[in-house]
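Engineer: Residue numbers (this note's numbering), protein chains in the order written: chain A, 1 to 183; chain B, 1 to 695.
Handing you a structure now.
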């Protein structure tokens, strides 16, 4: 996973340039995560459509909680990019109102909509590109993968076997991990 | 007002002459004209009069999205480009060109059902549209660039997530075979719309849309998608007959349908180095699980990565094999695909598919829309001594090599020397060769070669097809192996329709589809055959208006029929179910057919207004009547086909190919009937003869 490493380093750099200090928080690990087999992903966007239809009731690329790395096939390295339910979720850490919580059943990091003030801090702080946490411009609320309560629609919609839902009751070491010694 | 489902609600109109950008409500046209090809046909009827030439500023370039595009419905990726097409000979008329990819999605998410471009800019411009805001910008820095360079430059300027439609040097130079490249390596290829865009001094349209499309029943859409996918996918352990060999569905991924066709025999992933590629990986359109494209990256030129469609990747393989010997390695083929895409030329018109085992006089039973193309015709002309190295300046002795490829493609795109002749389009270039003495005494044979090529060229003809065009007309889709002629042939011969990926598509499913077994009889040319043709008309209209990829809906349909499944839905097709889910109204296949009948009649009226006299659109070349089976029987007896045509007209409610007033009024096209009558067209079903209409 060399890609991830690069991503992490870049993110750390970004964070150092813009130090808005919020103490890191420790949250329980997610019990499930959506994993992608990039070799088999054809960028058919079935997952994207399934996500926006299931969760927002509309068809949209912007409002899907699973995104493609690039919008064009011209870029060779392209595949679906789901939320990784990070070990150290930066969205949760930087949310000023505590609207992002850990779901008791799935361990997914979820947004409690009534507390979201639409500041987009979480979108900005997401360590990944494209940000796995999206912003609904109409509702002025952030939206985020909640693993569909343990039965992700995107995984069901994938016909190439590129997406899978991986679960571990003891928690999954996944996504962004705070480097030791940094704050 | 009830909530608008499925459609975006607005149509964007851009006048390049006066630099005026306006919006009109879609409700003027939708849902009566469905969307895609139908919507564009109505705009065409209202705005493009017969006097307007294809390359005139008054010609409209209409990019229309389908009714199901961007609603999450499976297989609804295509979008349509319609204009008066310069590629059609002898008189320019409407031609719907279909492109795949994300272009249609982006238009709808930007808030438009269609974009109409009219007028001509003083100097090169491009159009930048973002979420309902459009502006005309100076394109001096883009003019002269290839399509990939243009796309990259636009991405640098406006962010990487945009979708661009642009023309290459061929479009700028008004080459008739030019394309409008959209998304990545897909294009509005046929019809010559690159030249139309070039004639407007419009280099590119860049769109970014972040909106969404409301649907009535999102859950239902996902259910229908799931069902269609199940029907269209090879399940693990299941055996299927694909392209002449039996393959077993693997555990994962579902066997890519096109894999066998995209690569020389037995090619597997992991043989990239041998092919001179760094890497290849499967790819497809949004909302579609069929892998009809491959992303490749060449070893020595990392910039030129992109995705290629199956047909495109086959185009040059035969020549390569011929020149270099051995198995085609794919090296030339990819360079060719890249070159034509970059320069903006329709690769199918300037290339060849001879290697697939179709000799120049191949029979029309060739599978999958495979057709001999323009270069095959020229090659044959070279063999006959009509075209030589002297009179063309092309290195014919190196035919099949990279040198020849470059020379040939560049000459067309920049209209140099003999390239300038080819750039007139297939029909006019043939005429040019026949009229000029430098091409030797045998140059008259070009007419035969031309007829031979373009009578049977099926979908890839890229111009007015002289084959059976009843209803299906001048349409086009990316791969449509079941253009009416192919279908008729298959029915009549009772042979397996070798569509690339279907499950044992023998005639059994055809009979099931048409609901009669008479069509199996080789000598029967009666009413049931005419009915079958009508089914094809609607089928294609459906594909182009809802914009469902006809390849895939075909696939689902055939597989559903072949499996003899008791299907939950009324149609194995999926479209009425998708329709109901998106628009929230219960729609049956019959309801949709009524809509499509309106559009078939409207297009017919357009042809008549544009100067195609009754019956002229349905005429065959003589070559078709000379077609013989192996046993020596005439395949298409002239009198029987003529009789069939009159039965077809009768079923349609037409007289000699002209819709009657009663029919037009029944379909809500009273204004169309009025205008035709004002022009002097006889719309009476009972009286009058051929030729007494149109001034």
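The beta-carbon is built from N, C-alpha and C at its ideal position, and this holds for glycine as well.
1. Using 8 Å as the limit for Cβ to Cβ distance, is residue 44/A near chain B?
2. Using a Cβ cut-off of 8 Å, which residues of the stretch 208 to 221 of chain B contact any Cβ in chain A, in chain order?
3. Beta-carbon within less than 7 Å of residue 700/B's beta-carbon, same chain only, minus the 5 sequence neighbours each way: which residues are those?
4. Evaluate residue 636/B with the Cβ neighbour count: other Cβ atoms within 10 Å of its Cβ, from every protein chain shown; 16 or more gives buried, anything less gives exposed.
5. Kindly identify the DSSP beta-bridge partner or partners of residue 703/B.
6. Mind checking if residue 71/B is an interface residue toward chain A, Cβ cutoff 8 Å exclusive?
7. Check each candidate in 52/B, 116/B, 102/B, 95/B and name the one with the smallest Cα separation from residue 46/A.
8. DSSP state of residue 178/B, grouped into three classes?
9. Strictly below 9 Å CB to CB, what residues from chain A border residue 583/B?
10. Is there a C-beta anywhere in chain A that falls below 8 Å from the one on residue 109/B?
11. Does the stretch 169 to 187 of chain B come within contact of the stretch 411 to 426 of chain B, defined as at least 3 CB pairs closer than 8 Å?
12. Starting from the beta carbon of residue 287/B, find every residue of chain A whose beta carbon is closer than 8 Å, and list them in chain order.
13. Evaluate the contact criterion for the stretch 95 to 108 of chain A versus the stretch 35 to 50 of chain A: three or more CB pairs, one atom per stretch, below 8 Å.
14. So if DSSP puts residue 165/A in a beta bridge, which residue, or which two residues, is it bridged to?
15. At which residues does the alpha helix (DSSP H) containing residue 91/A begin and terminate?
16. Quick one: grab the DSSP three-state call for residue 304/B.
17. According to DSSP, simplified to helix, strand and coil, what is residue 188/B?
18. I'd like to confirm the pairing. Which residues does DSSP put opposite residue 67/A in its beta bridges?
19. Taking the Cβ atom as the reference point for each residue, do residue 172/A and residue 27/A lie within a distance shorter than 8 Å?
20. Counting pairs of Cβ atoms below 8 Å between the stretch 108 to 125 of chain B and the stretch 584 to 598 of chain B, do you hit three or more?
21. Compare the C-beta of residue 161/B against all C-beta atoms of chain A and say whether one is closer than 8 Å.
22. Taking the straight line between their C-alpha atoms, what separation do you get for residue 126/A and residue 110/A?
23. By the criterion of Cβ-Cβ separation under 7 Å, what are the contact partners of residue 57/A in chain B?
24. Below 8 Å on the Cβ atoms is my guess for residue 49/A versus residue 72/B; work out the distance and round it to an integer in Å.
25. With C-beta atoms as the reference, is residue 207/B less than 8 Å away from residue 107/B?
26. Go to residue 15/B, then tell me how far its beta strand (DSSP E) extends in each direction, as first and last residue.
27. Please return the same chain residues whose Cβ sits closer than 7 Å to the Cβ of residue 357/B, not counting the five positions on each side in sequence.
28. Alpha carbon to alpha carbon, how far is residue 456/B from residue 287/B?
29. Does DSSP classify residue 26/B as helix, strand or coil?
30. Just how far apart, CA to CA, sit residue 651/B and residue 448/B?
31. If we call anything under 8 Å between Cβ atoms a contact, is residue 34/B one with residue 595/B?
32. Could you run through the stretch 138 to 156 of chain A and flag, in chain order, every residue whose CB is less than 9 Å away from some CB of chain B?
33. Let me know the secondary structure DSSP gives residue 134/A once reduced to three states.
34. Quick check: is the beta carbon of residue 63/A nearer than 8 Å to any beta carbon in chain B?
35. DSSP three-state label for residue 96/B, please.
Structural biologist: The answer reads as follows:
1. By 1-based counting over the first chain, the position of residue 44/A is 44. Interface residue, yes.
2. Legend: CB atoms of the stretch 208 to 221 of chain B lying less than 8 Å from CB atoms of chain A belong to residues 210, 211, 212, 213, 214, 215, 218, 219, 221.
3. Residue 700/B lies beyond the range of chain B shown here (1 to 695); nothing can be said about it.
4. Counting from one through the second chain, the residue named residue 636/B turns up at place 636. It is buried - the Cβ of residue 636/B has at least 16 other Cβ atoms within 10 Å.
5. The structure shown does not extend to residue 703/B, since chain B is modelled only from 1 through 695, so no value can be given for it.
6. Within the second chain, numbered from 1, the residue matching residue 71/B stands at position 71. Taking Cβ atoms only, chain A reaches closer than 8 Å to residue 71/B, which makes this a yes.
7. Locating residue 46/A in the first chain gives position 46, where the first residue counts as 1. It is 102/B whose Cα lies nearest to the Cα of residue 46/A.
8. Sequence index remark: in the second chain, residue 178/B carries index 178 (1-based). Residue state, collapsed to three classes: strand.
9. As a first step, residue 583/B is located in the second chain; it is residue number 583 there, counting from the start. Going along chain A, no residue has its Cβ under 9 Å from residue 583/B, so there is no contact; the nearest lies around 13 Å.
10. Position 109 of the second chain, counted from the first residue, corresponds to residue 109/B. For residue 109/B, the closest Cβ of chain A is nearer than 8 Å.
11. Yes: the two stretches touch, three or more of their Cβ pairs being nearer than 8 Å.
12. Along the second chain, read from residue 1 onward, the residue named residue 287/B stands at position 287. For residue 287/B, the C-beta contacts it makes with chain A under 8 Å involve 44, 45, 46, 49, in order along the chain.
13. Below 8 Å, too few C-beta pairs join the stretch 95 to 108 of chain A and the stretch 35 to 50 of chain A to call them touching: fewer than three.
14. Here residue 165/A corresponds to residue number 165 of the first chain, with the count starting at 1. Answer is 34/A.
15. What you label residue 91/A is simply residue 91 of the first chain in a count that begins at 1. That run of the alpha helix (DSSP H) goes 90 to 94.
16. For this step, residue 304/B is matched to residue 304 along the second chain. Residue placement at residue 304/B is flagged as unreliable, the pLDDT there being 47, under the threshold of 50; the coordinate-derived value follows with that caveat. In the structure shown, residue 304/B sits in coil (DSSP, three-state: anything other than H, G, I, E or B).
17. Position 188 of the second chain holds residue 188/B. If DSSP states are grouped into helix, strand and coil, residue 188/B belongs with the strands.
18. Translated into the one-based positions of the first chain, residue 67/A becomes position 67. Secondary-structure assignment with DSSP links residue 67/A through a beta bridge to 81/A.
19. If you number the first chain from 1, residue 172/A lands on position 172. If you number the first chain from 1, residue 27/A lands on position 27. Not in contact: residue 172/A and residue 27/A (Cβ atoms no closer than 8 Å).
20. At 8 Å Cβ cutoff, the stretches do not touch.
21. Mapped onto the second chain, residue 161/B falls at position 161. So yes, residue 161/B belongs to the interface.
22. Stepping through the first chain from its first residue, residue 126/A is reached at position 126. Stepping through the first chain from its first residue, residue 110/A is reached at position 110. One C-alpha to the other measures close to 14 Å.
23. In the first chain, the residue the question calls residue 57/A occupies position 57. Within 7 Å Cβ-Cβ: 218.
24. Sequence index remark: in the first chain, residue 49/A carries index 49 (1-based). Sequence index remark: in the second chain, residue 72/B carries index 72 (1-based). Rounded, the Cβ-Cβ distance is 4 Å, consistent with contact.
25. Translated into the one-based positions of the second chain, residue 207/B becomes position 207. Translated into the one-based positions of the second chain, residue 107/B becomes position 107. Residue 107/B is positioned such that its CB atom lies closer than 8 Å to that of residue 207/B.
26. Position 15 of the second chain, counting from 1, holds the residue named residue 15/B. 10 to 15 is the extent of the beta strand (DSSP E) around residue 15/B.
27. Position 357 of the second chain holds residue 357/B. Because residue 357/B carries a pLDDT of 33, less than 50, the predicted location of this residue cannot be relied on, and no value is offered for it.
28. Here residue 456/B corresponds to residue number 456 of the second chain, with the count starting at 1. Here residue 287/B corresponds to residue number 287 of the second chain, with the count starting at 1. With a pLDDT of 45 at residue 456/B, under the threshold of 50, the predicted position of this residue should be treated as unreliable, though the coordinate-derived value follows. Just so you know, the alpha carbons of residue 456/B and residue 287/B end up roughly 32 Å apart.
29. Indexing the second chain from 1 puts residue 26/B at position 26. Assigned with DSSP and collapsed to three states, residue 26/B falls in helix.
30. Walking along the second chain from the start, residue 651/B turns up at place 651. Walking along the second chain from the start, residue 448/B turns up at place 448. Residue 651/B and residue 448/B have their C-alpha atoms some 34 Å from each other.
31. Start at 1 with the first residue of the second chain, and residue 34/B comes out as number 34. Start at 1 with the first residue of the second chain, and residue 595/B comes out as number 595. Cβ distance < 8 Å, so residue 34/B and residue 595/B count as in contact.
32. Correct list: 138, 153, 156.
33. The residue given as residue 134/A occupies position 134 in the first chain. The answer is strand: DSSP assigns residue 134/A an E or B state.
34. Indexing the first chain from 1 puts residue 63/A at position 63. Closer than 8 Å to some Cβ of chain B, the Cβ of residue 63/A qualifies, so yes.
35. Position 96 of the second chain holds residue 96/B. DSSP places residue 96/B in strand when its eight states are reduced to three.
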